[in-house]
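Working notes, beginning with the structure itself.
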Amino acid sequence: MNLFEYQGKRLYQDFSIPTPKSIFVSDISKISDDHGLTYPIVVKAQVQVGGRGKAGGIKVAKDFDELIKFSDEILGMDIKSHIVESLLLEEASNILEEYYISFTLDRSEKSYLMMLSAKGGMDIEEVAEKNPDDLIMLHISPSKGLDSKTINKSIKDAKLNKSYQDELCDVISKLYKLFVEGDCDLVEVNPLAITDHGVSALDSKVSLDMNAIYRHENFKDFENEIPIPVSEQFAKEKNLNFIKLEGSVGIIGNGAGLVMSTLDVVSEHGGMAANFLDIGGGAKAETVTAALEVLESEDNVKSVLINIFGGITRCDLVANGIVEATKGKELKWPIIVRLDGTNSKEGLSILEKNTNEKITISSSMDEAAKLAVEGAI
Ligand code: GDP
Ligand code: MN
Numbered sequence: 327m328n329l330f331e332y333q334g335k336r337l338y339q340d341f342s343i344p345t346p347k348s349i350f351v352s353d354i355s356k357i358s359d360d361h362g363l364t365y366p367i368v369v370k371a372q373v374q375v376g377g378r379g380k381a382g383g384i385k386v387a388k389d390f391d392e393l394i395k396f397s398d399e400i401l402g403m404d405i406k407s408h409i410v411e412s413l414l415l416e417e418a419s420n421i422l423e424e425y426y427i428s429f430t431l432d433r434s435e436k437s438y439l440m441m442l443s444a445k446g447g448m449d450i451e452e453v454a455e456k457n458p459d460d461l462i463m464l465h466i467s468p469s470k471g472l473d474s475k476t477i478n479k480s481i482k483d484a485k486l487n488k489s490y491q492d493e494l495c496d497v498i499s500k501l502y503k504l505f506v507e508g509d510c511d512l513v514e515v516n517p518l519a520i521t522d523h524g525v526s527a528l529d530s531k532v533s534l535d536m537n538a539i540y541r542h543e544n545f546k547d548f549e550n551e552i553p554i555p556v557s558e559q560f561a562k563e564k565n566l567n568f569i570k571l572e573g574s575v576g577i578i579g580n581g582a583g584l585v586m587s588t589l590d591v592v593s594e595h596g597g598m599a600a601n602f603l604d605i606g607g608g609a610k611a612e613t614v615t616a617a618l619e620v621l622e623s624e625d626n627v628k629s630v631l632i633n634i635f636g637g638i639t640r641c642d643l644v645a646n647g648i649v650e651a652t653k654g655k656e657l658k659w660p661i662i663v664r665l666d667g668t669n670s671k672e673g674l675s676i677l678e679k680n681t682n683e684k685i686t687i688s689s690s691m692d693e694a695a696k697l698a699v700e701g702a703i
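Numbers given in the numbering used here equal positions in the sequence shown, counted from 1, plus 326.
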């Protein structure tokens with residue numbers, strides 16, 4: 327489960343990781359000037375997406391008037407399809423240097439992976455691509471752990487500022503402790519900054535391993551604080567496995583594996599999926615109707631790809647669902663349907679008998695994905 331920045335920073339505090347003093351707000355009218363923070367204050371949009379700074383979701387306020395003005399501007403802002411519903415107000419830091427650090431799992435190596443770079447504050451994927459030598463990758467055996475000698479070597483290899491060696495080593499070992507003892511799948515700090523007050527974790531991206539919920543009381547609290555998108559809530563009620571993504575090609579498929587590969591084929595054709603939606607095995611007409619209803623409520627969907635491989639699922643029932651949901655309707659977007667497997671002949675003939683100018687039938691997954699990507703432009 328991915329946490330918001332303010333939640334990750336609460337974990338930093340639990341593990342004594344230095345981070346600026348801050349307060350979390352969702353209703354700015356409740357803030358008065360006796361908030362206890364010292365100006366300048368950074369107003370930060372709380373959305374689970376990177377690049378908030380560039381998108382205008384981070385502003386530095388020099389006084390109370392600006393604090394209110396910027397908060398008003400940022401609340402409600404749409405950052406890459408994420409609506410800002412809350413803010414973190416944080417004492418601004420005087421940044422001297424910006425580093426990058428993360429801890430994650432490397433499943434193929436059966437170990438943890440630490441990544442460290444002196445080139446923080448920017449997109450780390452870009453650093454990895456253009457200057458791979460500037461990114462230190464260190465595999466850590468979970469049974470051996472991470473000692474200060476190894477940390478100090480990495481600090482040196484990554485060419486971080488030597489004058490802060492001890493402090494950096496201390497903070498890195500605490501971040502590792504949070505990653506392991508806090509049962510995290512990811513702890514990423516970008517930037518981990520050198521400020522005029524010393525080392526400070528200015529941003530947080532933390533993901534929790536929910537399999538460990540039984541040993542962390544705070545996991546449930548974090549979960550309750552994270553708003554579930556209306557579409558995900560609706561999908562849950564209809565027993566659909568739906569996850570919102572950021573692209574424009576709506577996806578409906580049966581079986582997690584098939585849906586995952588559909589996402590891949592869409593991206594191979596240069597598109598991006600708007601969602602993951604698995605209608606499961608044995609889907610009936612009403613399941614398909616509900617799935618299309620979920621996508622209708624999503625503004626970012628520009629075309630829909632229905633990819634069904636009938637096993638337990640009968641293609642004729644899926645076809646009936648498509649017809650029921652679309653009959654006589656002016657559709658918002660083109661739908662590309664690929665039906666194969668159990669009763670696909672019957673399914674295809676149902677669709678052919680009930681033509682809708684926005685629905686195209688395709689005989690291959692590859693062609694269907696291509697058409698869906700073109701339809702989304
Ligand atoms: P992101 O854009 O979503 O990754 O948000 P960050 O929290 O990483 O902030 C982006 C950038 O804003 C940082 O890399 C800094 O350059 C700048 N920034 C964030 N907090 C502060 C601060 O307290 N003081 C100053 N001067 N810059 C800040
Ligand atoms: Mn950041």
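Beta carbons: idealized from backbone N, C-alpha and C, even for Gly.
Query	Result
Which of helix, strand or coil does DSSP assign to Leu337?	helix
Any contact between the stretch 492-506 and the stretch 402-412? By contact I mean 3 or more CB pairs, one from each, below 8 Å.	no
Within 10 Å of its beta-carbon, does Arg541 have 16 or more other beta-carbons around it, so buried, or fewer, so exposed?	exposed
Taking 8 Å as the threshold, find out whether the stretch 605-622 comes into contact with the stretch 641-648 through three or more Cβ pairs.	yes
Look at the alpha carbon of Ser629 and the alpha carbon of Ile394, and state the distance between them as a whole number of angstroms.	40 Å
Drop a sphere of 10 angstroms on the beta-carbon of Gln559, count the other beta-carbons inside from all chains shown, and report buried for 16 or more, exposed for fewer.	exposed
So what does DSSP say about Pro458, is it helix, strand or coil?	helix
DSSP beta-bridge partners for Asn601?	Lys570
Comparing the CB of Pro346 with every heavy atom of ligand 1, is any distance shorter than 7 Å?	yes
Terminal residues of the continuous beta strand (DSSP E) containing Gly579?	Val575 to Gly579
Do Gly581 and ligand 2 come close, with the Cβ less than 7 Å from some heavy atom?	no
CB-CB under 8 Å to Ile367, same chain, minus the five flanking residues each way: which ones, in chain order?	Val386, Ala387, Leu393, Leu415, Glu416, Glu417 and Ala418
Classify Glu624 as helix, strand or coil using the three-state DSSP reduction.	coil
On the criterion of 16 or more Cβ atoms from any shown chain inside 10 Å, does Ile554 qualify as buried, or is it exposed?	exposed
If we ignore side chains and look at the alpha-carbon of each, how far apart do Lys488 and Asn478 end up?	10 Å
For ligand 1, I want to know if Leu512 counts as a neighbour, meaning its beta carbon is within less than 7 Å of at least one of the ligand's heavy atoms.	no
Per DSSP, Asn633 forms a beta bridge with which residues?	Gly579 and Arg664
Which residues does DSSP list as the beta-bridge partners of Cys510?	Leu534
Using the Cα positions of Ala444 and Asn516, report the straight-line distance between them to the nearest angstrom.	11 Å
Counting C-beta neighbours from all protein chains within 10 Å, is the total for Glu507 16 or more, i.e. buried, or is it exposed?	exposed
Span of the beta strand (DSSP E) holding Gly524?	Gly524 to Ala527
On the CB-based measure, 16 or more other CB atoms within 10 Å of its CB, does Asn705 come out buried or exposed?	Residue 705 lies beyond the stretch modelled for the chain, which goes from 327 to 703, so this question has no answer here.
How about the stretch 633-641 and the stretch 662-678: do they share at least three Cβ pairs that are nearer than 8 Å?	yes
With which residues is Asn328 paired in a DSSP beta bridge?	Ser533
Should the stretch 508-528 be called in touch with the stretch 460-472, which here means at least 3 C-beta pairs below 8 Å?	no
Sort Glu594, Phe602 and Lys531 by Cα distance to Gly576 and report the nearest one.	Phe602
Once DSSP output is grouped into helix, strand and coil, what is the label at Val614?	helix
According to DSSP, is Thr588 helix, strand or coil?	helix
What does the Cβ neighbour count give for Leu442, buried or exposed, with the cut at 16 atoms within 10 Å?	buried
Quick check on DSSP: helix, strand or coil for Asn550?	helix
What does the Cβ neighbour count give for Leu413, buried or exposed, with the cut at 16 atoms within 10 Å?	buried
For my contact list, Thr639 and Asn580 are in at a C-beta cut-off of 8 Å; report their separation, rounded to the angstrom.	5 Å
Measure the C-alpha to C-alpha separation of Ala527 and Glu452 and round it to an integer number of angstroms.	21 Å
Under 8 Å, do Leu462 and Asp483 count as touching if we go by C-beta distance?	Just to set this straight, residue 462 is Ile in the shown sequence, not Leu. In this structure, Asp483 lies closer than 8 Å to Ile462 by Cβ.
Identify every run of the beta strand (DSSP E) within the stretch 349-396, keeping only runs that are complete inside it and at least 3 residues long; order them along the chain.	367-371 and 384-387
Beta carbon of Glu392: closer than 7 Å to some heavy atom of ligand 1?	no
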